[in-house]
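To convert, count from 1 in the sequence shown and add 612; that's this note's numbering. One structure is given here, and the rest of the page talks about it.
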Amino acid sequence: MAENLVNTWAELGKGLDKIYANVDPVSTKQYMELYSHVYNFCTKSHLDEVTPLNRGRRSGNMSVATPSGAEFVGEDLYKKLVTFLEDYVNHLREGCQPYRGTELLEHYNKVWESFRFSSTAVNGIFSYLNRHWIKRELDEGKTGIYEVYNLAVRCWQEKLFVHVADAVTNAVLELILNERNGESIPTSLVSGVLNSYLEMGINEHDDPPVGQPVNRVTPNPNEKRPRALVVFKTYFERKFIEQTRIYYSSEAQDFLAQNSVIEYLKKVEERLKEERDRVDRYLDTSTLDPLMKACDDVLIANYLDRFRGEFDSMLENNQKDDLARMFNLCERVDGALEVLRSIMESHIERKGRTAIANVTSDVNSDPKTYVNAILAVHQLFSSLVTCAFKNDHGFVQAMDKAFTSFINRNNVTENVKAPSRSPELLARYADLLLRKSAKNPPENEVEEALNQVMIVFKYIEDKDVFQKYYSKMLAKRLVHELSASEDNESAMLQKLKQMCGFEYTSKLQRMYTDTTVSKELTQTFKREVNEKNIDLQHVDLSVMILAHGVWPFQFMETCSIPPILQNVMDKFSAFYIARHTGRKLTFLQHMSRGEVTCNAYNRKYGFLASTAQMAVLLKFNDSLSYTLQQLTDSLEFKNDLLHTTLQTMLKVDLITLDGTKTLDANTPMDTVVNLNKNFFSKKLKVDLSKAVTRSEVRKEQVDVQKDLEEDRRMVIQAAIVRVMKMRKKLGHSALMSEVIKQLSVRFKPNVKVIKKCIDTLIEKEYLARVEGTRDEYEYLS
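Below is the structure:
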């Protein structure tokens, strides 16, 4: 076998010399001859050593040679190859000694590429050895044995690389430093060197000591291997990251000493892009994360206080591009955005309060100014959050908190000590959009205006207050046929339903349904009047049937009904009761309206009037003058309603008063009221019913607040019962917390009121205090 080894290596040695010299190409024929030498050595030597004692396995009557692991031939040939590679690499190492800097990198790259290429070819020549002897050695747990290509790389690492690693790495770092300083460098040298570092990782585990072998065979050196980065990280990446920290720490300090934070942000953005490009061009992708982390630490995290100091000013000036740049940078550092969100929240709240303070004097007469002030702030900052902060969830939350705060607590709400002022004004603004008016925006703009209403509505804490006012105003629009568009009314109800649920809009929807049914009922009544020749004394009647408990109206007696109107009302009552046995009709006089035609002047006027106003006007058919006392007695006016009724007539000069031009509670009851014979109006239809005094608005506010308090008590009690029915037993704090959470979508409940409701439910025996405890309740089924 020794003779066979000598002869075989004589041929192989010459072939390896030629391959690694890489001067003349090796032909396919020569390549196959070298492969055959390896194959023949391994197989011939093995067969020569097979003896009868080795024949253990039998197949029928034939014995088959099955060598044990020790009998796989190749160890001597493997040792010869190791010696050859070590000698050759030692020779290459000596050739590196004269070079420094860039010249060293050029020489290193040249010899590495040649060595790598040649070793790939040699791996193929020794592939039989790889598949048999080397594989068996590794399978049996032998250490220090490598597949031939890996062996070559291992020799390179141990005999050459470890001796020149510091010099090569320093030369690479010097080139990178030069590029950071603006110089152009031969990037192919850097990538070539670093690729060799990565290639040397093929024999490493992910994190072992350098030089520790791994027992693994890779049959094909060109096959994608699991990445092992120990050599790359140990000899290059750690030093590179440290150099990066030092370089940018110095640059950041120097740059900020001479430039603004805004310019610094641009510089950092530029530097980060350069580093990402650097990784793409010639560094390994595994370096990107640690490199970016180092840059983030020294360029961003170290200067967060400086960023925060400028953030409020940038918000004030609406510097979207600069804010976006700051956001993108701070987003890279854990926790860096929290303070910015807090600053923005305070800034928006401050701007919102200021915007509302500037229109405080106008809101009572024009709720549009109040809502528009809020919307202007919202448009500004919602655009900012979208464009600069990419709708980041935390910034959206901060914006929402700020709007919720200043919309519900501001100059307007504090001046009247009514936190429910915002929902009231919003409801009044919605009413302006939805009712008939020459000032209404075009139809195609109303939809967007209603969307804007819902933006503000989202931030209203006391949504039940909005519901109360909106319900009253919707009722008036429907009853008096003041809605500008049924489509817009339906659209608004749908928007409220989407945001608050079916229960929130159920009564509003029922009101809308009642109007449709009432129109059909009126038409049926008129057909019957015509068919039966019922005498209505030329009165054209339209009736709305309002479901009790749905509409926000209460019966209020105003005055005695004129006979001509009472006749029609009686006829309709008989018609309705005949169709709906058991139901009761109650006419809401104060909500009724009519048109009275007047032929007393050169022009024919039509007066749109309330029930009380119609009663007074019809009295002038009998006489042109009455004292206040006469009108009060004959029409049975309640309280001071007569004064309110006459105010509008006096304002348009339809009536005059003897001896005075004003009418109030102190006006003597013997004052004479005259129909003005010289009345004139440019309009043929004069609306006497639409004038709303401040006292009426104030009364409406008081009524809403009173109803609201009662409604809330019932809602709170229902919530308490729901929670306790589910939990059976619960402590006071837990009960309070759950009730507040349930109710927060509709209004912000008062803690004291919740406590009173708990006491009420205990009195009603829905709950009881658990014996032996001070603050625990149980549900009584």
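All C-beta atoms in this analysis are idealised placements derived from N, C-alpha and C, irrespective of residue type, glycine included. Nothing here was measured: the structure is a model prediction, and the numbers come from that model.
Taking Glu961 as the centre and dropping the five residues before and after it, the same chain places the C-beta of Ala1014, Ser1017, Phe1018 closer than 7 Å to its C-beta, in chain order. Within 10 angstroms of the beta-carbon of Asn735 lie 16 or more other beta-carbons, which makes it buried. For Ser1095, the pairing in a beta bridge is given by DSSP as Arg1047.
Cβ-Cβ distances below 8 Å link Ile1267 to Leu1258, Met1261, Val1285, Asn1286, Leu1287, Asn1288 in the same chain, with the five nearest sequence neighbours on each side left out; the list follows chain order. Here Gly1343 carries a strand assignment [DSSP, helix/strand/coil].
With the rule of 3 Cβ pairs closer than 8 Å, the stretch 1145–1153 counts as touching the stretch 1177–1187.
Taking each of Leu628, Val971, Glu882 in turn and checking the Cα distance to Ser730, the smallest one comes out for Leu628. Going by DSSP, Ser1393 is part of no alpha helix (DSSP H) at all; its letter is neither H nor E.
Boundaries of the alpha helix (DSSP H) harbouring Tyr690: 687–708, taken from the DSSP string. Beta-carbon to beta-carbon, Val983 and Tyr1041 are separated by about 4 Å, close enough to satisfy the 8 Å threshold. An exposed status is given to Lys1367, since fewer than 16 other beta-carbon atoms sit within 10 Å of its beta-carbon. Judged by DSSP in its simplified three-state form, Glu1036 adopts helix.
The alpha-carbon separation between Gln1079 and Thr1128 amounts to approximately 22 Å. DSSP assignment within the stretch 897–928 yields the following whole alpha helix (DSSP H) runs of 4 residues or more, N-terminal first: 900–907, 916–928. Leaving aside the five residues that flank Ile1352 on each side, the residues in its chain whose CB is nearer than 7 Å to its CB run, in chain order, Pro1361. Every candidate beta strand (DSSP E) stretch fails here, since none sits fully inside the stretch 750–811 while reaching 3 residues.
Cβ neighbours of Ser1237 within its own chain (closer than 8 Å, five residues either side excluded): Val1284, Val1285, Asn1286, Leu1287. Ser925 counts as exposed, since fewer than 16 other C-beta atoms from the protein chains shown sit within 10 angstroms of its C-beta. Within 10 angstroms of the beta-carbon of His990 lie 16 or more other beta-carbons, which makes it buried. The bridge partners DSSP lists for Glu1388 are Gly1343. Per DSSP, the beta-bridge partners of Cys1210 are Tyr1217. Judged by DSSP secondary structure, Ala1380 falls outside any alpha helix (DSSP H) and instead within the beta strand (DSSP E) spanning 1379–1381.
When secondary structure is reduced to three states using DSSP, Thr1272 falls in the strand class. Runs of the alpha helix (DSSP H) spanning 4 or more residues and lying entirely within the stretch 947–1029 occur at 948–969, 979–999, 1005–1020, 1023–1027, in chain order.
Excluding its 5 nearest sequence neighbours in each direction, Thr1134 has C-beta neighbours in its own chain below 7 Å: Ser1154, Val1155, listed in chain order. In chain order, Gly1206, Val1208 place their CB closer than 6 Å to the CB of Met1226, counting only its own chain and leaving out the 5 sequence neighbours on each side. Taking one beta carbon from each stretch, the stretch 882–890 and the stretch 903–916 have 3 or more pairs nearer than 8 Å; the two touch. The residues Leu1247, Glu1248, in chain order, have a CB closer than 6 Å to that of Ser1172 in the same chain once the five nearest residues on each side in sequence are set aside.
Beta-bridge pairing by DSSP links Asn1286 to Ser1237, Thr1268.
Asp866 sits in a helix when the DSSP states are folded into three classes. Beta-bridge partners assigned by DSSP to Arg1324: none are found. With fewer than 16 other Cβ atoms from the protein chains shown falling within 10 Å of its own Cβ, Lys1263 counts as exposed. If you look at Val1298, you'll find it in the beta strand (DSSP E) that goes 1297–1299.
Contact annotation: Leu1105 and Tyr1124 have beta-carbon atoms nearer than 8 Å. When the beta-carbon positions are compared, Ile737 and Tyr647 come within less than 8 Å of each other. Per DSSP, Asp1152 lies in no alpha helix (DSSP H) segment and is marked neither H nor E.
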